[in-house]
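> The listed protein sequences derive, respectively, from chains A and B.
If you use the working numbering, the first sequence corresponds to residues 15 to 359, in order.
If you use the working numbering, the second sequence corresponds to residues 15 to 359, in order.
The structure is given below, and queries will be raised subsequently.
2 protein chains.
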Amino acid sequence: MRKRKGAGRPTISDVAERAGVSTITVSRALRDPSKVSDHLRRKINDAVRKLNYVPHSHASALASTRSNVIGVIVPSLTNNVFADTLRAIYDELYQGPFQVQLGNSRYVAKDEERLVRTFLGQGPSAMIVAGVDQTDATRELLENAECPVVQVMDISDDPIDMMVGFSHFEGGRAAGVHLVQKGYKRIGFLGARMDPRSHRRMEGFKEALRSGGRYDPDLMMTTTDSSSVSLGGHLIEQLRKRRPDLDAVFCNNDDMALGALFGCQKAGISVPDEMGIIGFNDLEMMAASYPSLTSIRTDRYQIGKRAVQMIKAVLDGETPEQKIIDLGFELQCRESTMRPKSKAR
Amino acid sequence: MRKRKGAGRPTISDVAERAGVSTITVSRALRDPSKVSDHLRRKINDAVRKLNYVPHSHASALASTRSNVIGVIVPSLTNNVFADTLRAIYDELYQGPFQVQLGNSRYVAKDEERLVRTFLGQGPSAMIVAGVDQTDATRELLENAECPVVQVMDISDDPIDMMVGFSHFEGGRAAGVHLVQKGYKRIGFLGARMDPRSHRRMEGFKEALRSGGRYDPDLMMTTTDSSSVSLGGHLIEQLRKRRPDLDAVFCNNDDMALGALFGCQKAGISVPDEMGIIGFNDLEMMAASYPSLTSIRTDRYQIGKRAVQMIKAVLDGETPEQKIIDLGFELQCRESTMRPKSKAR
DNA sequence: TGTTATAATGTTAGCGCTAACATAATGTTA
DNA sequence: TAACATTATGTTAGCGCTAACATTATAACA
Chain A
15 MRKRKGAGRP
25 TISDVAERAG
35 VSTITVSRAL
45 RDPSKVSDHL
55 RRKINDAVRK
65 LNYVPHSHAS
75 ALASTRSNVI
85 GVIVPSLTNN
95 VFADTLRAIY
105 DELYQGPFQV
115 QLGNSRYVAK
125 DEERLVRTFL
135 GQGPSAMIVA
145 GVDQTDATRE
155 LLENAECPVV
165 QVMDISDDPI
175 DMMVGFSHFE
185 GGRAAGVHLV
195 QKGYKRIGFL
205 GARMDPRSHR
215 RMEGFKEALR
225 SGGRYDPDLM
235 MTTTDSSSVS
245 LGGHLIEQLR
255 KRRPDLDAVF
265 CNNDDMALGA
275 LFGCQKAGIS
285 VPDEMGIIGF
295 NDLEMMAASY
305 PSLTSIRTDR
315 YQIGKRAVQM
325 IKAVLDGETP
335 EQKIIDLGFE
345 LQCRESTMRP
355 KSKAR
Chain B
15 MRKRKGAGRP
25 TISDVAERAG
35 VSTITVSRAL
45 RDPSKVSDHL
55 RRKINDAVRK
65 LNYVPHSHAS
75 ALASTRSNVI
85 GVIVPSLTNN
95 VFADTLRAIY
105 DELYQGPFQV
115 QLGNSRYVAK
125 DEERLVRTFL
135 GQGPSAMIVA
145 GVDQTDATRE
155 LLENAECPVV
165 QVMDISDDPI
175 DMMVGFSHFE
185 GGRAAGVHLV
195 QKGYKRIGFL
205 GARMDPRSHR
215 RMEGFKEALR
225 SGGRYDPDLM
235 MTTTDSSSVS
245 LGGHLIEQLR
255 KRRPDLDAVF
265 CNNDDMALGA
275 LFGCQKAGIS
285 VPDEMGIIGF
295 NDLEMMAASY
305 PSLTSIRTDR
315 YQIGKRAVQM
325 IKAVLDGETP
335 EQKIIDLGFE
345 LQCRESTMRP
355 KSKAR
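See the structure below:
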């Protein structure tokens with residue numbers, strides 16, 4: 015006897031036998047109940063319940079060459095920014111038949127490549143990847159993938175397939191313009207992690223400072239350490255030690271900005287009078303802090319939502335009217351940069 | 015002609031043909047290279063590269079009745095607490111052959127049940143679920159699952175299979191004991207979301223207050239709204255309006271605690287002199303804030319790590335020496351509860 | 001040198017499901 | 001009621017891979 019024993023779980027044949035029908039009828043009853051008469055459907059559902067039958071998704075995927083899996087690759091699980099987008103993706107997929115396959119590239123391009131390769135092996139229905147800075151190999155893999163691909167969080171003029179995001183360069187520029195307009199003179203930059211998106215923010219920021227005649231390379235402080243609240247505090251302390259005349263900073267992200275605020279409070283420097291602070295992303299806490307913190311609001315939730323909507327549309331055979339969606343950003347001006355006019359030095 | 019056309023991607027037979035070997039040899043070369051001679055292995059690897067072959071994981075899972083998928087179900091994607099555990103799980107699984115299948119139950123027990131059902135359909139190698147408050151049906155599904163199951167973040171004396179976490183009741187009690195010891199008199203509780211874990215924290219907290227003769231039900235303020243920094247500010251404002259004599263609060267979690275701090279600063283109430291604040295989880299920001307915030311430190315990363323280690327051990331045929339791992343917690347006493355002795359009213 | 005253990009490769013069948021076609025049951029129309 | 005459309009169900013094969021056994025090449029040993 016040379017039988018293989020399977021997983022031991024009930025199969026569709028067990029259900030079919032118990033319900034007195036063929037397997038294909040069970041298959042149909044489960045996938046599209048309208049194709050099966052009430053009479054049989056009831057019998058089948060009973061059998062399913064009795065046997066506690068759960069379809070074997072791998073078998074289904076193999077037979078139908080469709081997996082209903084959407085691969086999502088983000089660079090960080092702990093960064094709230096991606097968490098919001100991820101939540102939107104899950105929310106938007108909640109109803110449908112799709113499953114999310116989530117990968118964490120940890121900001122390492124080679125890891126991303128590995129993940130893309132693995133995910134593509136599952137014949138995903140679609141792929142969502144963060145950013146536009148894939149390796150050439152990753153790009154090629156995704157370009158040749160037989161499924162819709164959406165790059166999220168960023169935009170460029172050269173999408174692999176589709177894109178939803180906003181311009182980090184412009185976001186950084188807006189922050190710079192704001193600080194210049196508010197009358198700050200010695201304007202610095204605090205940047206942690208410094209992934210490609212952060213770099214573009216910094217470049218936009220620098221450009222704004224140059225245009226405003228306020229660019230001082232000595233005030234740009236970056237590190238590859240990952241961002242945190244405490245790091246924001248440390249960096250502003252260091253930068254002030256080097257340049258006590260510093261009077262404003264644009265922080266790489268909101269954690270850093272909050273840390274910078276705490277750092278100032280600890281040092282007895284008043285925000286916004288002696289120090290203007292602006293962050294990036296506008297996490298929920300920015301409005302709630304005291305003083306409230308100015309930030310560049312980005313709609314991460316919307317990004318995830320639109321990405322999934324685009325994917326659904328394409329899978330439904332529609333042609334999206336635009337391949338690139340720029341969701342923009344919005345400067346939320348709050349107390350941390352509300353410098354009284356009179357105080358301008 | 016009645017051929018089905020497959021996904022169009024190269025299959026293992028294409029590789030076998032090109033390398034001039036049988037499919038099983040290719041299969042072996044990819045899964046366990048030591049079982050194939052150098053000579054053939056090289057040929058096979060060449061063919062794989064030439065054809066850009068990626069194994070079809072569904073076919074593999076079906077044939078081997080092993081999926082190498084570990085199902086993980088968390089109640090929130092945006093809550094940092096789970097993000098840390100999740101990151102640990104991904105980190106710990108990084109090397110091995112395992113894939114994570116992540117589900118978001120949004121704190122809804124029925125959704126969790128649905129997810130468990132779906133995940134079990136993929137014949138996972140293991141399951142990790144958050145908490146111990148599953149529905150009866152979910153419990154039954156998991157108890158009958160033919161794979162290791164680890165409940166994380168919490169502990170009870172009645173595990174489905176294995177458990178890694180800590181006692182929320184004891185954590186809450188420790189917070190209460192701390193505030194009583196510090197000499198605070200009118201001690202309140204701010205609770206958002208109030209999922210079962212938060213409830214146990216509150217119960218432990220109440221017990222400590224009762225023991226210390228400081229329990230006042232009028233000072234316990236809860237809401238089902240999801241927690242946030244701004245909510246922490248609103249709740250403490252409301253509670254102070256109701257009871258201006260309030261002099262300390264234990265917050266449900268750290269976001270709430272930070273919000274409470276900002277709320278006090280806004281109202282001109284000094285922390286810790288006029289108001290003691292203690293949070294739960296000890297997120298990174300707690301140590302960096304000003305004043306720094308006392309919290310109950312929990313090792314979420316370690317929880318994820320140990321969960322995966324237990325799973326790996328079981329899958330390797332080992333019997334874990336303990337089924338329940340209590341990782342405990344640690345009160346981090348910081349400025350926000352450092353009330354000068356003299357100030358006690 | 002023949003016998004036996006070991007390593008390397010191949011053959012066959014089947015994992016559980018669904019696509020594609022086939023057939024039977026029912027409804028519709030003139 | 002014949003002729004046809006429509007709906008409901010069944011039969012068969014195969015998705016791409018690997019378990020289990022079979023065979024052949026190579027090493028080890030008396």
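From the three backbone atoms N, C-alpha and C, an ideal C-beta is built for every residue, glycine too.
These numbers come from a predicted model, not from an experiment.
For the beta strand (DSSP E) containing S181 (chain B), list its first residue and its last residue.
Along the second sequence, read from residue 1 onward, the residue named residue 181 (chain B) stands at position 167. No beta strand (DSSP E) contains S181 (chain B), which DSSP labels as neither H nor E.
> Measure from the alpha carbon of E157 (chain A) to the alpha carbon of each residue in A:F180, A:E127, A:L233 and A:G186, then state which is nearest.
Counted from its first residue, the first sequence places residue 157 (chain A) at position 143. The candidate whose alpha carbon is nearest that of E157 (chain A) is A:E127.
> Anything in chain B within Cβ reach of F294 (chain A), meaning under 9 Å, just list it in chain order.
Here the question's residue 294 (chain A) lines up with position 280 in the first sequence. Those within 9 Å of F294 (chain A) in chain B number zero; the least Cβ separation is about 17 Å.
> Check whether the Cβ of E160 (chain B) lies closer than 8 Å to any Cβ atom in chain A.
Taking the first residue of the second sequence as 1, we reach residue 160 (chain B) at position 146. Answer yes: the Cβ-Cβ gap between E160 (chain B) and chain A drops below 8 Å somewhere.
> Starting from the C-beta of L91 (chain B), find all residues in its chain whose C-beta is less than 7 Å away, skip the five residues before and the five after it, and write them out in chain order.
What you label residue 91 (chain B) is simply residue 77 of the second sequence in a count that begins at 1. The answer, listed in chain order, is N118.
> Rounded to the nearest angstrom, what separates G277 (chain B) and L253 (chain B) at their Cα positions?
By one-based count along the second sequence, residue 277 (chain B) stands at place 263. By one-based count along the second sequence, residue 253 (chain B) stands at place 239. About 11 Å.
> Just to confirm the assignment, what range does the beta strand (DSSP E) spanning S48 (chain B) have?
Position 34 of the second sequence holds residue 48 (chain B). Neither: S48 (chain B) is in no beta strand (DSSP E) and is coded neither H nor E.
> Kindly say whether K319 (chain A), judged by its beta-carbon, lies nearer than 8 Å to any beta-carbon of chain B.
Locating residue 319 (chain A) in the first sequence gives position 305, where the first residue counts as 1. K319 (chain A) does not count as touching chain B.
> Could you tell me whether any Cβ in chain B is nearer than 8 Å to the Cβ of P47 (chain A)?
Taking the first sequence and counting its residues from 1, one reaches residue 47 (chain A) at position 33. Taking Cβ atoms only, chain B never reaches closer than 8 Å to P47 (chain A), which makes this a no.
> Quick check on Y108 (chain B): buried or exposed, where buried means 16 or more other Cβ atoms within 10 Å of its Cβ?
As a first step, residue 108 (chain B) is located in the second sequence; it is residue number 94 there, counting from the start. The residue in question, Y108 (chain B), is exposed, as its Cβ has fewer than 16 Cβ neighbours within 10 Å.
> At 9 Å on the CB atoms, spell out the chain B contacts of N118 (chain A), in chain order.
Counted from its first residue, the first sequence places residue 118 (chain A) at position 104. Residues of chain B passing the Cβ test: L100, R101, Y104, D105, Y108 and V114.
> Exposed or buried, K196 (chain B), counting other C-beta atoms within 10 Å across all chains shown (16 or more means buried)?
As a first step, residue 196 (chain B) must be located in the second sequence, where it is residue number 182. K196 (chain B) should be labelled buried.
> Would a C-beta distance cut-off of 8 Å place I325 (chain A) and S309 (chain A) closer than the cut-off?
By 1-based counting over the first sequence, the position of residue 325 (chain A) is 311. By 1-based counting over the first sequence, the position of residue 309 (chain A) is 295. No, they are not a contact pair.
> Run through the stretch 156-232 of chain A for me and flag every whole beta strand (DSSP E) of 3 or more residues, listed as ranges in chain order.
The stretch 156-232 of chain A contains these whole beta strand (DSSP E) runs: 163-166, 176-179 and 201-205.
> Going by beta-carbon coordinates alone, are R228 (chain B) and D287 (chain B) separated by less than 8 Å?
The residue labelled residue 228 (chain B) in the question sits at position 214 within the second sequence. The residue labelled residue 287 (chain B) in the question sits at position 273 within the second sequence. It is not a contact, given that the beta carbons lie outside the stated cut-off.
> Using beta carbons (cut-off 8 Å, strictly below), is M270 (chain A) in contact with chain B?
Here the question's residue 270 (chain A) lines up with position 256 in the first sequence. It does not; no Cβ of chain B falls within 8 Å.
> In the DSSP assignment, the alpha helix (DSSP H) including I317 (chain A) goes from what residue to what residue?
Counted from its first residue, the first sequence places residue 317 (chain A) at position 303. I317 (chain A) -> alpha helix (DSSP H) spans R314 to L329.
> Report yes if the C-beta distance between Q136 (chain A) and S71 (chain B) is below 8 Å; otherwise report no.
Locating residue 136 (chain A) in the first sequence gives position 122, counting from the first residue. Locating residue 71 (chain B) in the second sequence gives position 57, counting from the first residue. Cβ distance < 8 Å, so Q136 (chain A) and S71 (chain B) count as in contact.
> Alpha carbon to alpha carbon, how far is A358 (chain B) from K199 (chain B)?
Position 344 of the second sequence, counted from the start, is the residue given in the question as residue 358 (chain B). Position 185 of the second sequence, counted from the start, is the residue given in the question as residue 199 (chain B). Annotation note: pLDDT 46 at A358 (chain B) (below 50); position unreliable, coordinate value reported separately. When rounded, the distance between both Cα atoms is 9 Å.
> At a CB-CB cut-off below 7 Å, which residues of chain A make contact with Y121 (chain B)?
In the second sequence, counting from the first residue as 1, residue 121 (chain B) sits at position 107. Residues of chain A passing the Cβ test: none, with the nearest at roughly 12 Å.
> With distances taken Cα to Cα, identify the nearest neighbour of P334 (chain B) among B:P47, B:V178, B:A75 and B:D98.
Counting from 1 along the second sequence, the entry for residue 334 (chain B) is found at position 320. The shortest C-alpha separation from P334 (chain B) is found at B:V178.
> Could you tell me which chain A residues have their CB closer than 8 Å to the CB of K280 (chain B), listed as they occur along the chain?
As a first step, residue 280 (chain B) must be located in the second sequence, where it is residue number 266. By Cβ distance, chain A contributes Y304.
> Answer with yes or no whether the minimum CB distance from S242 (chain A) to chain B is below 8 Å.
As a first step, residue 242 (chain A) must be located in the first sequence, where it is residue number 228. Output row for S242 (chain A): interface = yes.
> Can you say whether E160 (chain B) is buried or exposed, counting buried as having 16 or more other CB atoms within 10 angstroms of its CB?
In the second sequence, counting from the first residue as 1, residue 160 (chain B) sits at position 146. Exposed is the call here.
> Taking C-beta to C-beta, are R211 (chain A) and M167 (chain A) nearer than 8 Å?
Counting from 1 along the first sequence, the entry for residue 211 (chain A) is found at position 197. Counting from 1 along the first sequence, the entry for residue 167 (chain A) is found at position 153. Going by C-beta atoms, R211 (chain A) is nearer than 8 Å to M167 (chain A).
> Give the DSSP-derived three-state secondary structure of T236 (chain A) in the structure shown.
Counting from 1 along the first sequence, the entry for residue 236 (chain A) is found at position 222. It is a strand residue.
> Determine the extent of the alpha helix (DSSP H) in which M289 (chain B) is found, giving its start and end residues.
Here residue 289 (chain B) refers to the residue found at position 275 of the second sequence. Taken as a continuous stretch (DSSP letters only), M289 (chain B) belongs to no alpha helix (DSSP H), as it is neither H nor E.
> What is the DSSP secondary structure of Q109 (chain A), reduced to helix, strand or coil?
Taking the first residue of the first sequence as 1, we reach residue 109 (chain A) at position 95. It is coil, neither helix nor strand.
> Would you please state the rounded distance, in angstroms, between the beta carbons of F294 (chain A) and A189 (chain A)? I believe it to be under 8 Å.
For the purposes of this step, residue 294 (chain A) is taken as the residue at position 280 of the first sequence. For the purposes of this step, residue 189 (chain A) is taken as the residue at position 175 of the first sequence. Indeed, because the Cβ distance is near 7 Å, the residues count as touching under 8 Å.
> Please name the residues in the stretch 126-143 of chain B whose beta-carbon is closer than 8 Å to at least one beta-carbon of chain A, in chain order.
Flagged, chain order: R131, T132, L134, G135, Q136 and G137.
> Could you tell me which chain A residues have their CB closer than 7 Å to the CB of A75 (chain B), listed as they occur along the chain?
In the second sequence, the residue the question calls residue 75 (chain B) occupies position 61. Within 7 Å Cβ-Cβ: H72.
> Below 8 Å on C-beta distance, what does G22 (chain A) contact in chain B?
To locate residue 22 (chain A), count along the first sequence from 1; it is residue 8. Chain B residues near G22 (chain A): E160.
> Can you tell me whether L245 (chain A) is helix, strand or coil according to DSSP?
If you number the first sequence from 1, residue 245 (chain A) lands on position 231. L245 (chain A): helix per DSSP, three-state reduction.
> Could one say the Cβ of R16 (chain B) lies closer than 8 Å to chain A's Cβ atoms, at least one of them?
Looking up residue 16 (chain B) in the second sequence gives position 2. The predicted model places R16 (chain B) with a pLDDT of 49, which falls under 50 and marks its position as unreliable, so this point remains unresolved.
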